[in-house]
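**Q** Using this note's numbering, the first residue of the sequence shown is number 2, and each one after it goes up by one.
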Amino acid sequence: MKIDIARRIATLPPYPFARIDELKAEQRKRGVDLIDLGIGDPDLPTPPHIVAALREAATVASHHRYPSYVGMMELRAAAAAFCKKRFGVTLDPASEVVTLIGSKEGIAHLPLALVDPGDVVLCPDPGYPVYAVGTQFCGGEVYPLPLRRANGFLPDLRAIPARVAASAKVIWVNYPNNPTAALAPRAFYEELVAFARAHEIVIASDLAYSEMYFGEEPPLSILEIPGARDVAIEFHSLSKTYNMTGWRVGFAAGNRELVGALGKVKTNVDSGVFEAVQVAAITALSGDQSCVVAQRQIYKDRREALCGTLRRAGFDVIVPEATFYALLACPSGMTSLDYAGKILETAGVVVTPATGFGPTGEGFVRLTLCADEKRLAEAAARLIKMG
Ligand SMILES: *Cc1c(COP(=O)(O)O)cnc(C)c1O
Numbered sequence: 002m003k004i005d006i007a008r009r010i011a012t013l014p015p016y017p018f019a020r021i022d023e024l025k026a027e028q029r030k031r032g033v034d035l036i037d038l039g040i041g042d043p044d045l046p047t048p049p050h051i052v053a054a055l056r057e058a059a060t061v062a063s064h065h066r067y068p069s070y071v072g073m074m075e076l077r078a079a080a081a082a083f084c085k086k087r088f089g090v091t092l093d094p095a096s097e098v099v100t101l102i103g104s105k106e107g108i109a110h111l112p113l114a115l116v117d118p119g120d121v122v123l124c125p126d127p128g129y130p131v132y133a134v135g136t137q138f139c140g141g142e143v144y145p146l147p148l149r150r151a152n153g154f155l156p157d158l159r160a161i162p163a164r165v166a167a168s169a170k171v172i173w174v175n176y177p178n179n180p181t182a183a184l185a186p187r188a189f190y191e192e193l194v195a196f197a198r199a200h201e202i203v204i205a206s207d208l209a210y211s212e213m214y215f216g217e218e219p220p221l222s223i224l225e226i227p228g229a230r231d232v233a234i235e236f237h238s239l240s241k242t243y244n245m246t247g248w249r250v251g252f253a254a255g256n257r258e259l260v261g262a263l264g265k266v267k268t269n270v271d272s273g274v275f276e277a278v279q280v281a282a283i284t285a286l287s288g289d290q291s292c293v294v295a296q297r298q299i300y301k302d303r304r305e306a307l308c309g310t311l312r313r314a315g316f317d318v319i320v321p322e323a324t325f326y327a328l329l330a331c332p333s334g335m336t337s338l339d340y341a342g343k344i345l346e347t348a349g350v351v352v353t354p355a356t357g358f359g360p361t362g363e364g365f366v367r368l369t370l371c372a373d374e375k376r377l378a379e380a381a382a383r384l385i386k387m388g
């Protein structure tokens with residue numbers, strides 16, 4: 002029998018990093034000592050007090066059963082307390098917070114709660130691919146919002162045609178941003194909330210990098226903006242903050258109808274997060290945050306080793322104020338894919354063509370700070386040698 006794959010899968014765009022993966026495998030086979038700055042996955046371990054909490058919770062038999070769909074009340078309360086302390090935002094844990102199996106899960110599932118076939122969803126370009134894919138899985142139409150360097154990698158809301166704004170259902174934003182590392186100022190969020198309220202569009206804000214910043218001013222939650230609670234849902238992740246990408250735990254918070262609708266999707270498709278992991282997440286969110294402070298310093302030192310060095314050597318690298326990403330501009334006349342290929346083959350450094358996140362990423366490759374300072378210094382030296 003010929004297996005007839007559904008259109009939603011068959012029409013997915015081709016995997017954008019296939020050529021880089023091929024080159025990577027080739028170089029590895031030849032014994033090249035590759036420095037992989039391609040993937041945004043922390044190389045640092047989860048802090049020991051969080052691992053200890055999991056270890057202990059794993060021995061408690063009651064945690065071995067099906068968890069609650071929307072998450073343990075204690076975890077939702079810890080998430081609300083975290084948001085109160087960090088952003089000054091008051092949330093009702095029972096109705097305004099839902100636990101997620103990593104924020105990617107909630108990001109992918111939100112469209113099931115909001116998007117009918119033909120509905121328009123505004124997605125950043127370049128952006129985390131899950132916003133667009135989740136939309137397409139529901140038969141929604143993606144309308145890309147170009148993020149350009151000249152505009153601080155913020156979408157130009159005034160450039161959205163009136164008919165698009167009128168038909169749009171959801172707008173995705175993500176600051177601190179992957180892949181550009183841009184931050185959003187308060188004025189942008191205020192404009193966004195006014196825009197969304199005027200056109201009755203739901204704001205879905207991905208705040209995965211809220212704690213990974215280097216300046217004096219911590220990134221904002223959109224829920225701090227007056228009126229946001231009427232239109233916004235925000236996605237939080239423990240993955241990058243506490244080096245817990247493998248643990249699969251995060252949460253969404255905000256407008257209670259939106260949180261409720263996402264919770265309803267989840268009761269029908271999953272059975273929640275292993276309770277022992279939830280206990281560890283409570284420890285992470287409510288425990289001592291000095292591990293997060295120490296980590297910021299580590300990334301800051303790494304940023305200097307890579308970006309500071311490259312910048313002084315004349316490279317057009319955008320030194321990040323947040324996240325562990327840095328965009329490097331391609332030499333003129335070279336595409337992102339060509340430049341990434343050249344860097345891999347000549348310098349043995351793996352970087353990501355920013356076009357993998359959308360066509361407006363053209364002209365940049367993305368580097369990560371997910372390697373130790375010595376390796377990053379070595380990567381910088383190899384790039385400088387390459388010229
Ligand atoms: C890493 C990342 C996430 C979240 O990951 P989870 O591990 O699923 O919580 C979400 N959004 C962006 C932009 C990311 O880079």
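For every residue, glycine included, the Cβ atom is placed at its ideal position computed from N, Cα and C. Keep in mind that this is a model prediction, so the values were computed, not measured.
Label residue 207 either buried or exposed according to how many other C-beta atoms from any shown protein chain fall within 10 Å of its C-beta, with 16 as the threshold for buried.
**A** As a position in the sequence shown, residue 207 is number 206, starting the count at 1. Buried, by the Cβ-count rule.
**Q** Could you check how far apart the C-beta atoms of residue 397 and residue 249 are, in whole angstroms? I think they sit under 8 angstroms.
**A** In the structure as shown, the chain begins at 2 and stops at 388. Residue 397 is therefore absent and cannot be evaluated.
**Q** Are the segment 335–349 and the segment 189–199 in contact at 8 angstroms, needing three or more beta carbon pairs?
**A** Counting Cβ pairs under 8 angstroms, fewer than three are found: no touch.
**Q** Pick from 316, 215, 223: whose alpha carbon is nearest that of residue 84?
**A** Residue 84 sits at position 83 when you count from the first residue of the sequence shown. Nearest C-alpha to residue 84: 223.
**Q** Could you check if residue 129 belongs to the surroundings of ligand 1, using beta carbon to heavy atom distance under 6 angstroms?
**A** Here residue 129 corresponds to residue number 128 of the sequence shown, with the count starting at 1. Under cutoff, so the answer is yes.
**Q** Which stretch, first to last residue, makes up the alpha helix (DSSP H) that contains residue 112?
**A** By one-based count along the sequence shown, residue 112 stands at place 111. Where residue 112 is concerned, the enclosing alpha helix (DSSP H) stretches over 104–115.
**Q** For a test of the three-state rule: what should DSSP assign to residue 235, helix, strand or coil?
**A** The residue you call residue 235 lines up with position 234 of the sequence shown. Reduced to three states, the DSSP call for residue 235 is strand.
**Q** If you count every other CB in all the chains shown that lies within 10 Å of the CB of residue 270, and 16 or more means buried, which is it?
**A** Position 269 of the sequence shown, counting from 1, holds the residue named residue 270. Exposed, since its Cβ has fewer than 16 Cβ neighbours within 10 Å.
**Q** Excluding the five sequence neighbours on either side, which residues of its own chain have a C-beta within less than 6 angstroms of the C-beta of residue 17, listed in chain order?
**A** Your numbering for residue 17 matches position 16 in the sequence shown. The answer, listed in chain order, is 357.
**Q** Go through its chain and collect everything with a Cβ distance to residue 277's Cβ below 6 angstroms, but skip five positions before and after it.
**A** As a position in the sequence shown, residue 277 is number 276, starting the count at 1. Contacts found: 55, 58, 59, 64.
**Q** Residue 207: beta carbon under 6 angstroms from a heavy atom of ligand 1?
**A** Within the sequence shown, numbered from 1, the residue matching residue 207 stands at position 206. Under cutoff, so the answer is yes.
**Q** What does the alpha-carbon distance come out to for the pair residue 211 and residue 177?
**A** In the sequence shown, the residue the question calls residue 211 occupies position 210. In the sequence shown, the residue the question calls residue 177 occupies position 176. Their Cα atoms are separated by approximately 7 angstroms.
**Q** In chain order, which continuous runs of the alpha helix (DSSP H) of length 4 or greater are located wholly inside the segment 216–277?
**A** Counting only runs of 4 or more, we get 257–270.
**Q** Starting from the C-beta of residue 367, find all residues in its chain whose C-beta is less than 7 angstroms away, skip the five residues before and the five after it, and write them out in chain order.
**A** Position 366 of the sequence shown holds residue 367. Only 180, 326, 328, 352, 353, 355 meet the Cβ criterion.
**Q** Just reading off the beta strand (DSSP E) that residue 170 is part of, what are its end residues?
**A** Translated into the one-based positions of the sequence shown, residue 170 becomes position 169. Segment 169–174, the beta strand (DSSP E) holding residue 170.
**Q** Have a look at 378, 273, 346 and flag the residue whose alpha-carbon is nearest the alpha-carbon of residue 71.
**A** Residue 71 sits at position 70 when you count from the first residue of the sequence shown. That would be 273, whose Cα lies nearest to the Cα of residue 71.
**Q** At a cut-off of 6 angstroms, would you count residue 246 as near ligand 3, judging by its Cβ distance to the nearest heavy atom?
**A** Of the ligands one can find in the structure shown, namely ligand 1, none is ligand 3.
**Q** Is residue 386 near ligand 1, with its Cβ less than 6 angstroms from a heavy atom?
**A** Within the sequence shown, residue 386 is the residue found at index 385, counting from 1. Every heavy atom of ligand 1 is 6 angstroms or more from the Cβ of residue 386, so no.
**Q** Is it the case that the segment 96–111 contacts the segment 230–237, given that we only count it when at least three CB pairs across the two stretches are under 8 angstroms?
**A** With the cut-off at 8 angstroms, the segment 230–237 and the segment 96–111 touch.
**Q** Should residue 245 be labelled buried (16 or more other beta-carbon atoms within 10 Å of its own) or exposed?
**A** Your numbering for residue 245 matches position 244 in the sequence shown. It is buried - the Cβ of residue 245 has at least 16 other Cβ atoms within 10 Å.
**Q** Mind checking who residue 206 pairs with in its DSSP beta bridge?
**A** If you number the sequence shown from 1, residue 206 lands on position 205. Paired residue(s): 174, 235.
**Q** How should residue 216 be labelled, buried or exposed, when 16 other C-beta atoms within 10 angstroms of its C-beta is the threshold for buried?
**A** Start at 1 with the first residue of the sequence shown, and residue 216 comes out as number 215. Classification for residue 216: exposed.
**Q** Does ligand 1 have a heavy atom nearer than 6 angstroms to the CB of residue 105?
**A** On the sequence shown, residue 105 is found 104 positions in, with the first residue counted as 1. Under cutoff, so the answer is yes.
**Q** Rounded to a whole number of angstroms, what is the C-alpha to C-alpha distance between residue 303 and residue 42?
**A** The count along the sequence shown starts at 1 and reaches residue 303 at position 302. The count along the sequence shown starts at 1 and reaches residue 42 at position 41. The straight-line gap from Cα to Cα measures roughly 15 angstroms.
**Q** Which of the three DSSP states, helix, strand or coil, is assigned to residue 390?
**A** Since the first and last residues shown for the chain are 2 and 388, residue 390 lies out of range.
**Q** Between residue 251 and ligand 1, is the CB less than 6 angstroms from at least one heavy atom?
**A** On the sequence shown, position 250 is the one that residue 251 refers to. Residue 251: yes, Cβ under 6 angstroms from ligand 1.
**Q** Starting from residue 84 and walking both ways along the alpha helix (DSSP H), at which residues does that stretch end?
**A** Numbered from its first residue, the sequence shown carries residue 84 at position 83. Unbroken alpha helix (DSSP H) run through residue 84: 74–88.
**Q** Just the Cα atoms here: how many angstroms apart are residue 148 and residue 61?
**A** Your numbering for residue 148 matches position 147 in the sequence shown. Your numbering for residue 61 matches position 60 in the sequence shown. Taking the straight line from one Cα to the other gives about 48 angstroms.
**Q** Within the same chain, show all residues whose beta-carbon is closer than 6 angstroms to that of residue 120, passing over the 5 residues directly before and after it, in chain order.
**A** Here the question's residue 120 lines up with position 119 in the sequence shown. Excluding sequence neighbours, residue 120 sits near 141, 170.
**Q** Alpha carbon to alpha carbon, what distance is there between residue 218 and residue 203?
**A** Numbered from 1 along the sequence shown, position 202 holds the residue referred to as residue 203. Numbered from 1 along the sequence shown, position 217 holds the residue referred to as residue 218. Taking the straight line from one Cα to the other gives about 27 angstroms.
**Q** Note the first and the last residue of the continuous alpha helix (DSSP H) segment covering residue 384.
**A** Counted from its first residue, the sequence shown places residue 384 at position 383. Its alpha helix (DSSP H) spans residues 374–387.
**Q** For residue 251, would you say it is in contact with chain D, using Cβ-to-Cβ distances shorter than 7 angstroms as the test?
**A** Of the protein chains in this structure there is only one, and it is not chain D.
**Q** Look at residue 359 and residue 127 and say whether their C-beta atoms are less than 7 angstroms apart.
**A** Looking up residue 359 in the sequence shown gives position 358. Looking up residue 127 in the sequence shown gives position 126. In this structure, residue 127 lies closer than 7 angstroms to residue 359 by Cβ.
**Q** Using the rule of at least 16 other Cβ atoms within 10 Å of the residue's Cβ for burial, across every protein chain shown, is residue 199 buried or exposed?
**A** Counting from 1 along the sequence shown, the entry for residue 199 is found at position 198. So residue 199 ends up on the exposed side.
**Q** State yes or no: is the C-beta of residue 111 within less than 7 angstroms of the C-beta of residue 311?
**A** Translated into the one-based positions of the sequence shown, residue 111 becomes position 110. Translated into the one-based positions of the sequence shown, residue 311 becomes position 310. It is not a contact, given that the beta carbons lie outside the stated cut-off.
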